[in-house]
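J.: Please see the structure below; I have some questions.
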Amino acid sequence: MTDRAVRWLGRSGTVVLLGLALTATAAGPARADAIRDRQWHLAALHASEAHAVNQGEGVTVAVVDSGVAAGHPDLEGNVLPGVDLTGTTPDGRTDTHGHGTSMASDIAAHGHGPDGRDGVLGLAPRASILPVRVSTDGRGGDVGAGIRWAADHGARIINVSSVSPDLSTVREATSYALDKGAVLVAGTGNDGTSGVGAPAMYPGVVAVGGLDRTGALWARSSRGPETVITAPAVDIVSTDPGGRYAIANGTSDATALVSATVALIWSRYPQLDAHNVIHRLVATADHRGESGRNGSYGFGAVNPYRALTESVQAVAVSPLAAPTSAPLTGAPPVEAVTAARPAGGPVRVLAALAGGGALLLALGTVVAVRRRRR
1 MTDRAVRWLG
11 RSGTVVLLGL
21 ALTATAAGPA
31 RADAIRDRQW
41 HLAALHASEA
51 HAVNQGEGVT
61 VAVVDSGVAA
71 GHPDLEGNVL
81 PGVDLTGTTP
91 DGRTDTHGHG
101 TSMASDIAAH
111 GHGPDGRDGV
121 LGLAPRASIL
131 PVRVSTDGRG
141 GDVGAGIRWA
151 ADHGARIINV
161 SSVSPDLSTV
171 REATSYALDK
181 GAVLVAGTGN
191 DGTSGVGAPA
201 MYPGVVAVGG
211 LDRTGALWAR
221 SSRGPETVIT
231 APAVDIVSTD
241 PGGRYAIANG
251 TSDATALVSA
261 TVALIWSRYP
271 QLDAHNVIHR
281 LVATADHRGE
291 SGRNGSYGFG
301 AVNPYRALTE
311 SVQAVAVSPL
321 AAPTSAPLTG
331 APPVEAVTAA
341 RPAGGPVRVL
351 AALAGGGALL
361 LALGTVVAVR
371 RRRR
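Laid out in structure tokens, this is it:
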């Protein structure tokens, strides 16, 4: 696989640093208001009710991505030593791009400050993140090798917030991970058309589409018979390297939120095998769209609280058999990886932690720009 073979699913285009609009004292209530209160998806997913039942203890989620900035205050202590398959850092706990750090926080951020009330809260805040760094700049990497490494190093859940063409390396690695009993969660893509990329296109993978704030399918969410489930994908606030925060659209975040839900399920029901974890995930989804599984919403919208609390009958085989219609093989073309087309609009860095000093609440003007390709 070349470094142009993979396209990150969310947060494409320009990342802007926003100028000073409001100053608050550090550790003050405005910090939580500025960041935590912007996490609208937590209420939409009934996260507080789910967290009263389980928070993901004892479960490891591999994030095959651009690395994870393990020193971010909202992630510190939840990021295990992983691997850097690019060979540039010792263990993957570095991220110069930001995508992997964002995904990790969607899953397992615990916030900071008194009782963790400030900053970003993940959907499974007591889960552990295993960073598998396959890219330094968000332009791609050997995702197949990353999936294999994760499967060989104890990850029960493998999060892949990227799409690639139908390459043998990715296909074979996916089969390898599934055969080892892992749950592989991958995004459908951000093209807004019929056509799901790899590895989401493969039978057995939890292929995740995106929802907007109303609970309807996000207009740019790729769709097809491979779709399994959907989750929020719009205006998702997450961590960014350097103690900052970002807000963006993309099925990347939806994928991470589903991975977090799988972590909650497996922590609550550790005796389940992968087939039954997936069955519980889809059996408790809130139905959307046409009856039964459909190409837009799959089995419906993820519901973490229902997944933790409802009675679900065990199954002997995975509910993710091959789709009834032929999979669409029109995965995103390789050349699209380097296109300047945003996948979800601008990503805005919301705030920088100013330990012991003032906090910049990013509600104002652009003062600097850097690029991300995802």
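Note that UniProt numbering numbers the sequence shown so that position 162 is 162, with each residue one more than the last. Idealized CB from N, CA, C, for every residue including glycine.
1. Between Ser105 and the rest of its own chain, which residues show a CB-CB distance below 7 Å, the 5 nearest in sequence each way excluded?
2. Could you name the residues of the same chain whose beta carbon sits closer than 6 Å to that of Thr94, not counting the 5 residues immediately before and after it, in chain order?
3. Leaving out the 5 sequence neighbours to the left and right, which residues in its chain are closer than 6 Å to Leu217 when beta-carbon positions are compared?
4. Indicate whether Trp40 and Asp253 have their beta-carbon atoms separated by less than 8 Å.
5. Return yes when the Cβ of Val185 is within less than 8 Å of the Cβ of Ser128, no when it is not.
6. From His287 to Val134, what distance separates their C-alpha atoms?
7. Count the other CB atoms within 10 Å of the CB of Asp179; is the residue buried (16 or more) or exposed (fewer)?
8. Note down, in chain order, each residue of its chain lying with its Cβ closer than 7 Å to the Cβ of Glu310, except the 5 sequence neighbours on either side.
9. Sort out for me which residues DSSP pairs Tyr245 with in a bridge.
10. Which residue wins for smallest C-alpha separation from Ser154, given the options Val317, Val61 and Gly292?
11. Would you mind listing the beta strand (DSSP E) stretches within the stretch 253-303 that are 3+ residues and don't spill past its ends, in chain order?
12. Out of curiosity, what's the CA-to-CA distance linking Val196 and Gly300?
13. CA-CA distance, Pro90 and Ser267?
14. Going along the chain, which residues of its own chain have a beta-carbon closer than 6 Å to the beta-carbon of Pro327, five neighbours each way excluded?
15. When you compare each of Ala109, Thr136 and Arg139 to Pro125 by their alpha carbons, which one comes out closest?
16. Report buried or exposed for Thr261, applying the criterion of at least 16 other Cβ atoms within 10 angstroms of its Cβ.
17. DSSP three-state call for residue 441: helix, strand or coil?
18. Would you call the CB atoms of Asn159 and Ala256 closer than 8 Å?
T.: Inspection of the coordinates gives the following:
1. Asp74, Leu75, Val120, Gly122, Ser238 and Thr239
2. Gly67
3. Ser296
4. Cβ distance not < 8 Å, so Trp40 and Asp253 don't count as in contact.
5. No, these two residues do not count as a Cβ contact at 8 Å.
6. 35 Å
7. exposed
8. Thr284, listed in sequence order.
9. Thr239
10. Just to set this straight, residue 154 is Gly in the shown sequence, not Ser. Of the candidates Val317, Val61 and Gly292, the one whose C-alpha sits nearest the C-alpha of Gly154 is Val61.
11. Segments of the beta strand (DSSP E) lying fully in the stretch 253-303: there are none.
12. Straight-line Cα distance between these residues: approximately 17 Å.
13. The alpha-carbon atoms of Pro90 and Ser267 are separated by roughly 29 Å.
14. Any reading at Pro327 needs caution, since the residue's pLDDT is 40, under 50, leaving its predicted position unreliable; the model's value is listed next. Same-chain partners within the cutoff: Met201 and Glu226.
15. Taking only the C-alpha atoms, the option nearest Pro125 is Ala109.
16. Of the other Cβ atoms in all chains shown, 16 or more fall within 10 Å of the Cβ of Thr261; this residue is therefore buried.
17. Any question about residue 441 goes unanswered here, given that the chain covers just 1 to 374.
18. yes
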